[in-house]
Structures are given as C-alpha cells and as structure tokens.
Amino acid sequence: MPNQGEKAPSFTLPDTERKQRSLQELLSPKGATILAFYPGAFTGVCTKEMCTFRDTLTQLGNINAKVVGISVNDPFSNKAFAEKNNINFPLLSDYNRDVVKQYNIALNDFAGLKGYTAAKRSIFILDSRGNV
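Everything in the sequence shown is counted per my numbering, starting at 43 for the first residue and increasing by one.
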C-alpha cells in the first residue's frame, strides 16, 4: 500500500466506455484526486459511498478535487451502475485485479466467495504530482 508522501503506483484501466484512462491523465492539475476503491457495483455500502461522492462533487470541485472510482467489476457492470445511480465521475474497471494487487488492497474470498477477489474499500488522496 502506498504510504503518505510516496508516489502512487501508475496504472491504465478502462472506463465505462472501455476507453483506457491513465492515472496521469486523471490527476487534478491544481488540486487533489481521490481514488475511491470499492468492492462491488450494486452492493449496498458501495452504492451509498459512490452516491455520497456524487452528491459532494460540487463541494469537492470548489477545492479543485476530483473523484475516480475503481472496482474489479467489468466496464459493462460499472456503466450500468453509473447510469442507474447518476454517477458523474469516472468509474474504472480493474477486472484483472492488477491495480488492487499493486496497491496491496486485494480482498480475497470476498463475501465468502472462495477464489473471488475484490478491492478493499480504500481511499487514496493524491496531489497534482500523484503523491499520496
């Protein structure tokens, strides 16, 4: 897990339109970027968390902060999740689990499902240079 002051591991993941998005392009140039890892689309707590970010985007924008949601769901599930909940910030798909492993936040056997790995609910706040 990257610690405060360290450079966040870089990545490139598909968004809900299957467009590849790099961490570098997602960084807020004048403020903070919040990487919000969540275990799964359409689950109760994750829905509430992502909707809370949605509802506070104006306030976050006032301080030049932006949000990027990341889960292990495929882009199609994330797209349906974003549409159903009016999520208006990027949701990225780490369906290969490479980034959750890179950030050391893999949650094995999620919800008692042996062999199913999700992202641990985790927040990383990055500065404009990509430092935690």
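All C-beta atoms in this analysis are idealised placements derived from N, C-alpha and C, irrespective of residue type, glycine included.
**Asked** ASP57 and LEU155: beta carbons closer than 8 Å?
**Response** Their beta carbons are not under 8 Å apart, which means ASP57 does not touch LEU155 by this criterion.
**Item:** Residue range of the beta strand (DSSP E) that includes VAL110
**Value:** 108 to 113
**Prompt:** Can you list, in chain order, the residues of its chain whose CB lies under 6 Å from that of LEU149, leaving out five sequence neighbours each side?
**Reply:** ALA160 and LYS162
**Item:** Identity of the residue in LYS49, GLY47, GLU67 and GLU48 nearest LEU55 by Cα
**Value:** GLU67
**Request:** Using beta-carbon positions only, say whether LEU65 and ILE112 come within less than 8 Å of one another.
**Result:** Not a contact, by the Cβ cut-off of 8 Å.
**Message:** If I follow the unbroken alpha helix (DSSP H) through PHE79, where does it start and stop?
**Reply:** Careful: PHE79 lies outside any alpha helix (DSSP H), inside the beta strand (DSSP E) at 75 to 79.
**Beta-carbon spacing of GLN144, PRO51 below 8 Å** = yes
**Prompt:** For GLN62, which residues from the same chain have a beta carbon less than 8 Å from its beta carbon, with the 5 sequence-adjacent residues on both sides left out?
**Reply:** THR54, LEU55 and PRO56
**Message:** Our contact map puts ILE147 next to PHE79 with C-beta atoms below 8 Å; I'd like the distance itself, whole angstroms only.
**Reply:** 6 Å
**Request:** Give me the Cα-Cα distance between PHE84 and PHE123, rounded to the nearest whole angstrom.
**Result:** 6 Å
**Request:** Under the assumption that THR89 contacts ASN130 (Cβ atoms under 8 Å), give the Cβ distance between them as a whole number of angstroms.
**Result:** With 8 Å as the limit, THR89 and ASN130 do not qualify as a contact, their Cβ atoms being about 15 Å apart.
**Asked** Roughly how many angstroms lie between the CA atoms of ASP178 and LYS72, to the nearest whole one?
**Response** The question about residue 178 has no answer, for the chain in this structure spans 43 to 174.
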